[in-house]
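Protein chains in written order, with my numbering: chain L, 1 to 401; chain S, 1 to 401.
First comes the structure, then the notes that go with it.
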């Protein structure tokens, strides 16, 4: 009989996301995503740690989850608990830590456990695109709370909670990135953190605290995590190794009460997070976290100043931004009336990619004249050239629009 | 105000799986899951490969998916394509290969793309518990086709397809493990493979071929994969590194037409599969696949003969089985009327865990008097002791029942 091809599209489930295209390589001027600095990958540190940790624990690879169980490689959980105590003021045992395949998996698991279509959650008005798109896919209502230079405004949070309460709606959580907020780069004061926790208790709404970027404060005192203030169980806390080390290594962590963690574990269903990565990163950071972070932070700080200088030179007064205290991106306001979405295609033709503001906003149109530039990946020279080219695109398009 | 605890159970989504319990360590006599042999982990090979590959490609860790794109680390895809050509008769380019986080992710992604609640799929009557439970969670109807010593029976498959067709039902796929079938250990003849492909074409139903165990044939000629016979697009093919190397390393692969692969990619949404594992395994297997597999196969073959001898000694004529041509488990029939589920608890009290038959069956009660023993992980001495203890439990319980 004829070797007729199957039309798989007839067999597909309904409501699939659009199919992926073929990968075409990194564009020359890459200002998107959370890519890190290739020059700051600690290659020899990884080589040394691999040798040590495979010889110490390599036999354990023979069983699912090694000898550590499904919460993750115990030495890595020990490192997380130590780091949280030393730098974030959080006291937890390794029993309260779950290693995840990137913090994105932590977000998905918390959402799997708590959310159903039609639920409501609160976020910062400008927030992480990955969370916003995950929530929209789940048909969850997002209430975005406006921010100022100190992060989410507590007066607006209080009135939103009260308003929802009066309408009989209990939001499932308040999602916040208090430290080096994504995308605004702000750091929430301790006073606001305390106030958020108070509101969480008053309204019985948990706080979902994402501290993805909290390792990257360049200088000065670090505000402690909201989780450090929580002597009951109101805060679900996640973090990542993508920003402190490398995003191709898929490692993050979640800290949550066992009532929630045990459900997250039941939903995880991935046979465990990759063991080799847990082993190597656990050993490397156990020995080199402080010195690696010092090198990383000063590298990022240098690139940020190059980016700022280039923006001032090539965009002049057309751009506004508050230089952040750390992190790897800059949130930039363009003149009213400019729509950054319209710059995406002409920029791409010049080999430039960036994040248009609307993707990073609970109410997309409110961020039409914003864009996010990540500066960790491109070299200083590429940042200079890329910003110059992007300014040309901007002036051309803004002139037309 | 009072620091009242939140009751998270009030906030949980409906229909969650039962919460996980605390992990209690590996039991002393562990005959479950797909654990591998700790003595056969190639520690020095991993150390050597880590050093080489981090120095060669470590800078790439700085970007999501390195410089390979979301289908996975290119040298690992090259290894997969070469292995499939050399050992499975499959000719594919690296563009047709997707690296997954374990073959379990491959199964989930194919199901995400093709299945909706109420759909029908065909499997072997006795089949992989992970697939069966995934299908049940999705509320998919499972039609189990009985097997004999040559795997799924094609006469029964033909009549099931015809019967479904007459009822207006097009199954979404025929799931099969043709080579070292899980749990029966059978190898399907080339004649049956050709016949399955013919039926697939006749009824327009794709074949989902799971070759998780196909690396583990101990001796003799290897039947080629069904995918090797497919000159159109009727076969979705997956494989794993869990069995050939280690299950704590979360790596598998899928080979599928781009129409399907591009949808699987869109559903993957995990920021990529762990890069360090892809790099190290890619390098290690590129250099050592043949010699590692030779050592692994002869180790498994030795353990299988220890297991068979212990079963004959301690169970005598109460057990029946067909010694498989390879793999890491034995599918054992107990006398009619024995229910292996009733042995689980008393065995656990003796520190023994095994897989009761019903979990591995599309119609659970049909496998009540079966059990699956995995022999890769326990030492030869532990196999002997464990089988002796299990026989005591069996004689006690079977005598009572």
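No residue lacks a Cβ here, since even glycine has one placed at the ideal position from N, Cα and C.
In terms of residue numbering, what span does the beta strand (DSSP E) encompassing residue 374 of chain S cover? 370-374
Would residue 276 of chain L pass as a contact of residue 274 of chain S if the rule is Cβ separation under 9 Å? The Cβ-Cβ distance between residue 276 of chain L and residue 274 of chain S falls below 9 Å.
Beta-carbon proximity check, residue 368 of chain L vs residue 357 of chain L, cutoff 9 Å: yes
Straight-line CA distance for residue 91 of chain L to residue 293 of chain L? Taking C-alpha positions only, residue 91 of chain L is separated from residue 293 of chain L by approximately 21 Å.
Straight-line CA distance for residue 4 of chain L to residue 204 of chain S? 9 Å
Within 9 Å of any Cβ in chain S, is that where the Cβ of residue 280 of chain L sits? yes
CB contact below 9 Å: residue 238 of chain S versus chain L: With 9 Å as the cut-off, residue 238 of chain S does not count as an interface residue toward chain L.
Helix, strand or coil at residue 254 of chain L according to DSSP, with G and I counted as helix: strand
Under 7 Å Cβ-Cβ, which residues of chain L neighbour residue 382 of chain S? The premise fails here: residue 382 of chain S is roughly 13 Å from chain L at the closest Cβ pair, so nothing lies under 7 Å.
Endpoints, beta strand (DSSP E) assigned at residue 240 of chain S: 235-240
So which residues of chain L does residue 267 of chain S contact, with C-beta pairs closer than 8 Å? Against residue 267 of chain S, the close residues of chain L are 16 and 17, in the order they occur along the chain (beta-carbon pairs closer than 8 Å).
What is the DSSP secondary structure of residue 145 of chain S, reduced to helix, strand or coil? strand
Would you please verify whether the beta carbon of residue 253 of chain L is less than 9 Å from any beta carbon of chain S? Taking Cβ atoms only, chain S never reaches closer than 9 Å to residue 253 of chain L, which makes this a no.
Residue 78 of chain S: which of S/63, S/65, S/98 and S/117 sits nearest, CA to CA? S/98
Using the Cα positions of residue 296 of chain L and residue 376 of chain L, report the straight-line distance between them to the nearest angstrom. 10 Å
Chain S contacts from the stretch 156-175 of chain L (Cβ-Cβ distance under 7 Å): 172
Beta-carbon of residue 105 of chain S versus every beta-carbon of chain L: anything under 9 Å? yes
Using alpha carbons as the reference points, say which of S/359, S/305, S/137 and S/27 lies closest to residue 18 of chain S. S/137
Grab me the residues of residue 1 of chain S's own chain with a C-beta within less than 8 Å of its C-beta, minus the 5 sequence neighbours each way, in chain order. Any answer about residue 1 of chain S is weak, because its pLDDT of 47 lies below 50 and its placement is not dependable; what the coordinates show is given next. Closer than 8 Å at Cβ, skipping near neighbours: no residue.
Exposed or buried, what is residue 10 of chain S when buried is set at 16 or more other beta-carbons lying within 10 Å of its beta-carbon? Around the beta carbon of residue 10 of chain S, fewer than 16 other beta carbons sit within 10 angstroms, so the residue counts as exposed.
Say whether chain L places a C-beta atom closer than 9 Å to the C-beta of residue 1 of chain S. Since pLDDT at residue 1 of chain S reaches only 47, below the 50 mark, its modelled position is unreliable, and no value is offered.
Using a C-beta to C-beta distance shorter than 9 Å, which residues of chain L count as neighbours of residue 4 of chain S? 201, 204 and 232
From which residue to which residue does the beta strand (DSSP E) around residue 208 of chain S run? 207-210
Starting from residue 98 of chain L and walking both ways along the beta strand (DSSP E), at which residues does that stretch end? 97-100
Quick check: the Cα distance between residue 123 of chain L and residue 329 of chain S, rounded to an integer number of angstroms? 50 Å
If we call anything under 9 Å between Cβ atoms a contact, is residue 100 of chain S one with residue 254 of chain S? yes
Residue 246 of chain S versus residue 117 of chain S: straight-line alpha-carbon distance, rounded: 33 Å
So, does the stretch 22-39 of chain S touch the stretch 46-62 of chain L, judging by three or more C-beta pairs under 8 Å? yes
At least one CB of chain L closer than 9 Å to the CB of residue 291 of chain S: is that the case? Interface residue (Cβ-Cβ distance to chain L less than 9 Å): residue 291 of chain S is not classified as such.
Below 7 Å between beta carbons is the criterion; list the residues of the stretch 21-47 of chain S that meet it against any residue of chain L, in chain order. 23, 26, 33, 35, 36, 37, 38, 41, 43, 46 and 47
Which residue marks the beginning of the alpha helix (DSSP H) containing residue 382 of chain S, and which one marks its end? From DSSP, the alpha helix (DSSP H) with residue 382 of chain S extends over 380-400.
9 Å is my cut-off, CB to CB: does residue 116 of chain L come that close to chain S? It does; some Cβ of chain S falls within 9 Å.
Do residue 147 of chain S and residue 126 of chain S have their beta-carbon atoms positioned less than 9 Å apart in this structure? Cβ atoms of residue 126 of chain S and residue 147 of chain S: closer than 9 Å.
Residue 182 of chain L to residue 262 of chain S, Cα distance in whole Å? 29 Å
Which runs of the beta strand (DSSP E) spanning at least 3 residues fall entirely within the stretch 293-358 of chain S, listed in chain order? 329-333
Is the Cβ of residue 126 of chain S closer than 9 Å to any Cβ of chain L? no
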